[in-house]
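For the sequence shown, numbering that gives the first Met the number 0 begins at 0 and goes up steadily by one. Cβ coordinates follow ideal geometry from the N, Cα and C atoms, glycine included. Some notes on the structure that comes next.
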Amino acid sequence: MNTSWCGLEIRDLRHIIKKRLYRTQTPGIKQKFLLRCIRAKVYTCSLVFQGNTWEMRPRSGIIVVVLGILGCMLMLTSWHEAQPDNVPLQLSVVYERLLQAEQRGKALSHELRKVQVQLRNRSASFNLTCSQTTATRDKTALPGFFSSQPNALLYLPHLKRHPDSLKPIIHLGQGRSGVPLVLGVPTVHRQKQSYLVNTLQSLLYDLSPAERRDIVIIVFVAETNATFVNSVVQNVQNNLPDDVSSGIIEVISPSRHYYPDFTDLKETFGDSKERVRWRTKQNLDYSFLMLYAQNKGTFYVQLEDDIIAKQGYLEYIKTFTQQVLSQEWLYLEFSQLGFIGKLFQSSDLPMIVEFILMFHKDKPIDWLLDHILWVKACNPEKNSAHCNTEKAKLKRTHKPSLFQHVGLHSSLQGKMQNLKDKDFGNLVLFKSHHNPPAELSSSLKHYQTHGLEGAYRGEDFFWGLTPKKGDYIVITFSNPQTVKGFLFRSGNIETNGDRFYNTTVEGLPVYSAVKEKVERGELPCCKPSANGFVVIGSFKNGVAAGDVDEELQQLSAIRLLVHSDSDVWVLLSEILIKV
0 MNTSWCGLEI RDLRHIIKKR LYRTQTPGIK QKFLLRCIRA KVYTCSLVFQ GNTWEMRPRS
60 GIIVVVLGIL GCMLMLTSWH EAQPDNVPLQ LSVVYERLLQ AEQRGKALSH ELRKVQVQLR
120 NRSASFNLTC SQTTATRDKT ALPGFFSSQP NALLYLPHLK RHPDSLKPII HLGQGRSGVP
180 LVLGVPTVHR QKQSYLVNTL QSLLYDLSPA ERRDIVIIVF VAETNATFVN SVVQNVQNNL
240 PDDVSSGIIE VISPSRHYYP DFTDLKETFG DSKERVRWRT KQNLDYSFLM LYAQNKGTFY
300 VQLEDDIIAK QGYLEYIKTF TQQVLSQEWL YLEFSQLGFI GKLFQSSDLP MIVEFILMFH
360 KDKPIDWLLD HILWVKACNP EKNSAHCNTE KAKLKRTHKP SLFQHVGLHS SLQGKMQNLK
420 DKDFGNLVLF KSHHNPPAEL SSSLKHYQTH GLEGAYRGED FFWGLTPKKG DYIVITFSNP
480 QTVKGFLFRS GNIETNGDRF YNTTVEGLPV YSAVKEKVER GELPCCKPSA NGFVVIGSFK
540 NGVAAGDVDE ELQQLSAIRL LVHSDSDVWV LLSEILIKV
């Protein structure tokens, strides 16, 4: 916010003129002219909307006014040299008016700051359903990254030898920016099991098309081993190709020169050298990711690569953020575990990162975040209860938690981390619909009590053992139905990998004439299949959904047919037959 022309520098100007006036004697007419110059400086500022922010700018003619002030001062000095020393000067009057001008300027600046905050909050309204319909995509331009953090080299001096190492290596992505919400997901090599793809699938599980346009998920592969980085990139590309091509998911990694030598770290808090190295590197990972993300959206949420999200989490975030937008806070908490689910305003990220970098060798990230709250809120002369009350004002917690930690094997080798957020609650593992009466049959053997009947009635999900080529699920209607559409969703937010792959949705027309038209290729909507069925859809990314062409008329059955062997089980969490 530019206030240099709106009263804040009057104090400096007053001191300059004060010194000059005490050395000169000026008639009253010159005093008045000088005072007009100073008052013009106070009143010649205005609010200007620039991009997404409001700034105070000088009105037209301000340059003339400033030059006029300087001219006044030069004129008074030169005039003084030609005047006798005994000409009276009303210094007290001029000085008093300068004080009044300064006070008025301060008051005006204070009011303008309040207006700016209100306007900024309104312009940053978190609209995940209709705002930012066109996200800018620039494949060539990289974010400023550490260019906005000139002090980074003070805390990471080894980077001076490799200045290019501050730029991220972008492996996947379309350069999406200007979105309301950025999700940061760092990932590292784990000895036992990777949870990354399941985490990404959970975050994308039931998002609407509008919600998908309003986010970007940045996967930061916090490793410099090229083989591992490439394997992660390929895994994301293979499992989520549509989300990569649309720009929802980006994958980046650091330069091999980014990390310092970790061998000389001081052991603190009774931690082993390996644990100190692990938490120090983690601080650097978060810093890299947050600075890359700062220019991409209005808000930033820090996540991990081994979490699951509550169904509808994006709408919860939107609603809660809008409720507190006009209030003062440092971050919003959507999970109470560690650094998971912390939402920041992107404009605050440079300050937060600089604090983390300053003490990245000393403490874990969640401790450092609490220290930022202490610095901002706590009075050393007050007790701890008062401090906690003040910190709570800057940390707003949403309940229930929206993200749950599911990883059992920590990224720290040998560490088991069975942490659970008790405020997360139970997951909704299936969705109910009212479907037409039907008889159900399947060649798939179901697991325990998760049978097909319960899933069709909306009472449970269907969980079948590993499908093979030729396996099927058949829904035979009690009476022929004019089916308008269908939706089959495989996997759920907890077991998202158990999906149908290479599987078609097929309908069985009641009338033989319709079947014959399909066989002759006269109905472009559908292709023939075995046993009189016609193909009306297929599974893509675990979901099969679509409308049924009216020319098929009534159907007596719908079939899901598997066309290749699968390596995983299959789960149906939603079945909808629109009639």
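Taking C-alpha atoms, which residue in Ala437, Leu451, Leu329 lies nearest to Lys394? The residue with the shortest Cα to Cα distance from Lys394 is Leu329.
Where Arg160 sits in the DSSP three-state scheme: In the three-state reduction of the DSSP assignment, Arg160 falls in the helix class.
Would you tell me roughly how many angstroms separate the C-alpha atoms of Thr318 and Ile339, rounded to the nearest one? Taking the straight line from one Cα to the other gives about 19 Å.
Decide if Leu571 is buried, meaning its Cβ has at least 16 other Cβ atoms within 10 Å, or exposed. Leu571 is buried by the Cβ-count criterion.
Mapping DSSP to helix, strand and coil, what is Arg278? Helix.
Boundaries (first-last residue) of the alpha helix (DSSP H) holding Ile351: Per DSSP, Ile351 belongs to the alpha helix (DSSP H) from 348 to 357.
Are the beta-carbon atoms belonging to Leu264 and Lys360 less than 8 Å from one another? The Cβ atoms of Leu264 and Lys360 lie closer than 8 Å to each other.
Simplified DSSP state of Gln480, which is helix, strand or coil: Assigned with DSSP and collapsed to three states, Gln480 falls in strand.
Whole-angstrom distance between Leu428 and Val578, CA atom to CA atom: Looking at the two C-alpha atoms, the distance is approximately 25 Å.
Burial state of His433, where buried means 16 or more other Cβ atoms lie within 10 Å: Exposed, because fewer than 16 other Cβ atoms sit within 10 Å of the Cβ of His433.
For Leu171, which beta-bridge partners are listed by DSSP? Under DSSP, Leu171 forms a beta bridge with Val250.
In three-state terms, what does DSSP make of Val232? Under the three-state reduction of DSSP output, Val232 falls in the helix class.
Glu332, DSSP secondary structure in three states: Look at Glu332 here: in three-state DSSP terms it is strand.
Taking just the CA atoms, how far does Ser537 sit from Lys514? Distance between the alpha carbons of Lys514 and Ser537 is about 19 Å.
I believe Gln335 touches Ser383 by the beta-carbon criterion, under 8 Å. Please report the beta-carbon distance rounded to the nearest angstrom. Rounded, the Cβ-Cβ distance is 20 Å, inconsistent with contact.
How is the alpha helix (DSSP H) around Phe319 delimited, first residue to last? Counting along the chain, the alpha helix (DSSP H) containing Phe319 begins and ends at 312 to 323.
Hey, could you find the ends of the alpha helix (DSSP H) Gln200 is sitting in? 195 to 203 is the extent of the alpha helix (DSSP H) around Gln200.
Just confirm the distance between the C-beta atoms of Val228 and Gln236, as a whole number of angstroms; I'd bet it's less than 8 Å. At roughly 13 Å, the Cβ-Cβ gap does not stay under 8 Å, so Val228 and Gln236 are not in contact.
Looking only at DSSP bridge pairs, what is Gly183 linked to? Looking at the DSSP assignment, Gly183 forms a beta bridge with Ile217, Gln301.
Here's a check: name, in chain order, each residue in its chain whose Cβ is nearer than 8 Å to the Cβ of Asp260, leaving out the five neighbours to either side. Excluding sequence neighbours, Asp260 sits near His157.
Glu518: buried (16+ other C-beta within 10 angstroms of its C-beta) or exposed? In summary, Glu518 is exposed, with fewer than 16 beta-carbon neighbours lying within 10 Å of its beta-carbon over all protein chains present.
Report all residues from its chain with a CB closer than 6 Å to the CB of Gly463; omit the five preceding and five following residues, and keep chain order. Here the set comprises Leu443, His445, Val569.
I'd like to confirm the pairing. Which residues does DSSP put opposite Lys341 in its beta bridges? According to DSSP, residue pairing for Lys341 in a beta bridge involves Gln301, Glu332.
Count the CB pairs spanning the segment 285 to 294 and the segment 305 to 315 that are closer than 8 Å, and state whether there are at least three. No, they do not touch.
For Phe499, which three-state DSSP category applies? Here Phe499 sits in coil by DSSP.
Please report the distance separating the alpha-carbon of His562 from that of Ser489. Each residue's alpha carbon lies about 16 Å from the other.
Only counting the same chain, and skipping five residues up and downstream in sequence, which positions put a Cβ closer than 6 Å to that of Arg498? Closer than 6 Å at Cβ, skipping near neighbours: Ser489, Gly490, Gly541.
Selected residue, minimal CA-CA separation from Tyr285, among Leu507, His170, Glu273, Tyr299: Comparing Cα positions, the closest option is Tyr299.
As assigned by DSSP and simplified to three states, the class of Ile492: DSSP places Ile492 in coil when its eight states are reduced to three.
CA-to-CA distance, Arg103 to Arg35, given in whole angstroms: Because Arg35 sits at a pLDDT of 43, beneath the cut-off of 50, its placement in the model cannot be relied upon, and the following sentence gives the value as read from the coordinates. Distance between the alpha carbons of Arg35 and Arg103: 14 Å.
I'd like to know if Leu522 contacts chain B, where contact means its C-beta is closer than 8 Å to some C-beta of that chain. Given the protein chain composition of this structure (a single chain), no chain B is represented.
Can you say whether Asn378 is buried or exposed, counting buried as having 16 or more other CB atoms within 10 angstroms of its CB? Answer is exposed; the Cβ neighbour count stays below 16.
Within 10 angstroms of the Cβ of Tyr510, are there 16 or more other Cβ atoms? Answer buried if so, exposed if not. The residue is exposed, with fewer than 16 neighbouring Cβ atoms inside 10 Å.
Would the segment 248 to 255 count as touching the segment 216 to 228 if we require 3 or more Cβ pairs under 8 Å? Counting Cβ pairs under 8 Å, three or more are found: they touch.
With distances taken from CA atoms, which of His449, Tyr194, Lys539 is nearest His404? Nearest of His449, Tyr194, Lys539 to His404, Cα basis: Tyr194.
Spatially closest choice to Ala437 from Asn530, Arg211, Ser555, by CA coordinates: Selected option, being the one with the closest Cα: Ser555.
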